[in-house]
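S.K.:
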Amino acid sequence: MENNFNSFDNLETSIRKSSVIQERINLVSTHMYKQFLEYQRSTMNASETFVKITDNMESTVEYLKQSFAARGVATDSIYFEENSEKNVLVLHILWHTISFTMKWNNQPQALYRGVEMPMISNRIIALKGNFYELTKNIKEEDQLQAVLEHEVASLFIPAERGQNCIIKINHLGNKEFFINHMDAPREFLLKVIETICGGGIYHEEQRQI
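Here this note's numbering is used: the sequence shown runs in plain steps of one and ends on residue 1020.
1) Smallest Cα separation from serine 932: which of His992, Asn981, Phe942?
2) Around the C-beta of valine 831, are 16 or more other C-beta atoms found within 10 angstroms, so that it is buried, or is it exposed?
3) Could you pull the start and end residues of the alpha helix (DSSP H) that tyrosine 943 belongs to?
4) Is alanine 995 helix, strand or coil by DSSP?
5) Which residue comes first and which comes last in the beta strand (DSSP E) that contains valine 963?
6) Any heavy atom of the ligand SAH inside 7 Å of the beta-carbon of phenylalanine 989?
7) Run through DSSP, which three-state label would arginine 827 get?
8) How far does the alpha helix (DSSP H) with leucine 959 in it reach, from first residue to last?
9) So, for arginine 972: in the same chain, excluding its five sequence neighbours on each side, which residues have a beta-carbon less than 6 Å away from its beta-carbon?
10) Does the beta-carbon of valine 963 have 16 or more other beta-carbons within 10 angstroms, so that it is buried, or is it exposed?
11) Just verifying my parser: in three-state terms, what is the DSSP assignment at isoleucine 935?
12) Could you check the C-alpha separation between threonine 886 and alanine 880 for me, to the nearest Å?
13) Comparing C-alpha positions only, which one of Gly1009, Ala957, Gln1019 sits nearest to isoleucine 904?
14) Would you mind sorting tyrosine 850 into buried or exposed? The rule is 16 or more other CB atoms within 10 Å of its CB.
15) Please report how far the alpha carbon of serine 878 lies from the alpha carbon of proline 996, in whole angstroms.
16) Thinking valine 958 and leucine 945 are a contact (beta carbons under 8 Å), I'd like their distance in whole angstroms, please.
17) Taking the Cβ atom as the reference point for each residue, do methionine 913 and asparagine 894 lie within a distance shorter than 8 Å?
18) Could you pull the DSSP bridge partners for leucine 900 from this structure?
19) How should lysine 950 be labelled, buried or exposed, when 16 other C-beta atoms within 10 angstroms of its C-beta is the threshold for buried?
20) Name the one or two DSSP bridge partners that leucine 922 has.
21) Can you give me the Cβ contacts of phenylalanine 967 inside the same chain, cut-off strictly under 6 Å, excluding the 5 residues immediately before and after it?
22) Taking glutamine 974 as the reference, which of Asn981, Leu983, Phe989, His961 has the closest Cα?
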């Protein structure tokens, strides 16, 4: 008789444990599914944005060529390249090289918002230099850090079309600029070009010991 009671107690304990596991796992899966849906939508928005950046870059190159040709400057070194995966753009403007990439958007990632909820978003990184030269001979798992060392700005693209994209520019202390989805491709491209080409390059000098 005692064995039957023990079996009943064990069964009841087992049911309670299963119920707790199911409840808590359900909360986790609900949370992850929400992130997954936001990630899917932000990925779709980012892909569309990158295509529009490419279109704007094509127009920008043509305007640059016209502007410099009118000043008697050779325009052979004004062009851009796109990789076959269509996730890297390299823009050449005379002595400047600027790269844009939307690699590393391979999982839901959020932009920290302080007291607000983190914003699940895709990220397009703009960097000074040639992406391929900067990542050459670097292990794939270490390439992102190499790119971030040369980051000029990033564009964070959320899932909801009614929510603004965010541009963060490094030399302004990561100051944030809010911009709608329609204008984001053009404004991000122009801000990066203005940031890099609007400055200058100093001569290197021997360091004082």
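Quick reminder that beta carbons are idealized off the backbone N, C-alpha and C, glycines included. For clarity, every value in this text was computed on a predicted model and none was experimentally measured.
M.R.: Let me lay it out:
1) His992
2) exposed
3) 942–946
4) helix
5) 962–969
6) The model depicted lacks the ligand SAH and carries no ligand whatsoever.
7) helix
8) 954–959
9) His992
10) buried
11) strand
12) 7 Å
13) Gly1009
14) buried
15) 22 Å
16) 7 Å
17) no
18) Glu893, Phe911
19) exposed
20) Met930
21) Leu922, Ser932, Arg934, Ile977
22) Phe989
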